[in-house]
Amino acid sequence: MGAWAKFPTKWILQQELNFIVWRKHKSDGIAALLVLIALAVKRNRDKMGAPEDDASIVKATYDEIQDLVAISRIKVSKGLALLVALEIIKRVDNRSHYHIVGIDVPGEWAKLPQERLMQQPGRISVFGPFNLRSKSELDALKLYLLMVAFRSSKTGCAHIGYEKITKYTGVIARDLKKAKSHLISLGLIHVDLDLEKDRENARPPMRYKILGL
36 MGAWAKFPTK WILQQELNFI VWRKHKSDGI AALLVLIALA VKRNRDKMGA
86 PEDDASIVKA TYDEIQDLVA ISRIKVSKGL ALLVALEIIK RVDNRSHYHI
136 VGIDVPGEWA KLPQERLMQQ PGRISVFGPF NLRSKSELDA LKLYLLMVAF
186 RSSKTGCAHI GYEKITKYTG VIARDLKKAK SHLISLGLIH VDLDLEKDRE
236 NARPPMRYKI LGL
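Per this note's numbering, the sequence shown runs over residues 36 to 248.
Written out as structure tokens, the structure reads:
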């Protein structure tokens, strides 16, 4: 098991990934999810020595976010603006301090495999192949964060079927194969049949192993 960071999931379980859609947000939606991942990782790396009452606050400049996820400054700005608009984060005092809603509330966060994502020192490099120009990249990020939110601490897997994936993310069945292919090729998930979940079903559901946890 590698190092992990807390990631806010209440908004995901409230089906708010549906609010980030390609036809409306395009690359800004991808940027928003990458920026949220960066803020969670930055918070985890900085949290040693922070006051307990500031546990949900992260200080991150545009330059620091750019260093973590390697996207343009304008995309950092657009991503942050979308996260604020959706009330996933809130600005605190000035533009460099952010409150990540629910990240330190029991039951409202899940483990994000920080070490797996940071394949290069100081950078969330696993998403390097993304160019922010493809709907399938947004679908892949939404699917990955849903799996993080639904991951069972007992099995290390997310046990979730196509209908529920669509319900929580808006990603329709015909687009799931490409989204999953992205995640598999990036080394983020392993997929197999959930034989234990439904022994009598002729077509058992899938289970998704979150690698790095």
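Where is the CB? At the ideal position from N, CA and C, for every residue including glycine.
- Proximity of the region 177-185 to the region 195-206 meets the contact definition, three or more beta-carbon pairs being nearer than 8 Å.
- Residue range Trp57 to His60 is occupied by the alpha helix (DSSP H) that includes Trp57.
- Non-local beta-carbon contacts of Phe54 in its own chain, meaning distances under 8 Å to residues more than five positions away in sequence, involve Leu121 in chain order.
- Here Phe42 carries a strand assignment [DSSP, helix/strand/coil].
- Annotation for Ser131: no alpha helix (DSSP H) segment contains it, though the beta strand (DSSP E) segment containing it runs Asn129 to Ile135.
- By the Cβ test, the region 99-118 is in contact with the region 70-80, since at least three Cβ pairs between them sit closer than 8 Å.
- In this structure, the alpha-carbon of Leu218 lies about 35 Å from that of Asn129.
- Less than 9 Å separates the beta-carbon of Ala40 from that of Arg80.
- If you ignore the 5 residues before and after Gly137, its C-beta comes within less than 6 Å of the C-beta of Pro43, Lys45 and Glu143, all in its own chain and listed in chain order.
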